[in-house]
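Offset between the sequence shown (1-based) and this note's numbering: plus 3.
Reviewing the structure listed below.
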Amino acid sequence: MDERYDFVRTVSDGSYRYIRNYMPHRPMAQVNAFPLMLRSYQDLYRRHQAGQLNAVQARFFEPRPYEELYDLTADPDQTRNLAGDPAQHPRMQAFRTALDRHMLAITDNGFIPEGSPLEGYEASRAPGAYPLARIMALAQVAASGDPARLSDLVAGLASPNDVMRYWAATGLVILKARAQPARAALIAVLEHEASPHVRVVIAEALTHVGEGPRARDAFRQTLASGSDSVALQALNAMTYVDPASRPLDAIARWEKDPGYLGRATRYLQRVAAGGFDPSVSLLPQRG
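Shown next, in the form of structure tokens:
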């Protein structure tokens, strides 16, 4: 998604489509400079800002469910989610199993944060480096947004594996204020966390449990890490936190950047300046 991050997996038998959203806390309508070149996209955003969308249309701008199921014959536009229908339970189980088997068979690298040393074919297949089955199980707990599994997420923060800690922290982000009991654990982990990718997610989680100043300092540190991928992850996280938790002075260096960092930076700057006008391009001005 260019300057935005998302992680979705799907499977279909031609009649039904099953979707699994591993980042359900992010809307489909993450602000992205390239599609906003289209006037139709600009109009959609303006109508959203004006409160003119109906309930189905507005879903594009809202958090998503962890799982979705659509009848492609009766509902080709995929607007009626059947995932919670008890009559669809056998079909849901079949799709879940098929998707899990495929992801394990191909060693799906999608759980690895972009820019991590574990990225790539050989690195992710080194013995013990990427325990995919365990990561998938924890990511499922994280994405389900179930506060009853909070203890599992806190336990995941203590894992020696970076990707496990990343998904444990992501689950706490998804819980937002319901992660309050994990506040002390988040603070403790941040003190010694070596992975900048994990630090970004912990910082975002801290903004939801009353630790905005601590989160702002953590964002500032990761923005100065020297890694473009880490900086972009931080800019994405800052898009969804309280404005007081955003160290905007630390992102000014990218305001003229022609790439992804510049696009994400300009969006945050415009929001801070009074609002986002979807008709004004986030792409750099030529000349």
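Even glycine gets a Cβ: it sits at the ideal position worked out from N, Cα and C.
- Query: Since E71 is in the beta strand (DSSP E), which residue starts that stretch and which ends it?
  - Reply: 70-74
- Query: Quick one: what's got a C-beta closer than 6 angstroms to Y73's C-beta in the same chain, skipping five residues either side?
  - Reply: R20, Q81
- Would you call R7 buried or exposed, if buried means 16 or more other Cβ atoms sit within 10 Å of its Cβ? buried
- Task: Report all residues from its chain with a CB closer than 7 angstroms to the CB of W257; omit the five preceding and five following residues, and keep chain order.
- Result: L264, G265, T268
- Query: Can you find at least 3 beta carbon pairs, one from the segment 140-153 and one from the segment 179-195, that sit closer than 8 angstroms?
  - Reply: yes
- Task: State buried or exposed for L39, treating a residue as buried only when at least 16 other CB atoms are found within 10 Å of its CB.
- Result: buried
- Quick one: what does DSSP say T110 is sitting in, helix, strand or coil? coil
- Query: Would you say R249 and L285 are within 8 angstroms of each other, going by their C-beta atoms?
  - Reply: no
- Query: So, is P27 buried or exposed, given that buried needs 16 or more other C-beta atoms within 10 angstroms?
  - Reply: buried
- Message: Using DSSP's beta-bridge definition, name the partner residues of Y19.
- Response: D74
- Are at least three pairs of beta-carbons, each pair with one atom in the segment 159-175 and one in the segment 186-197, less than 8 angstroms apart? yes
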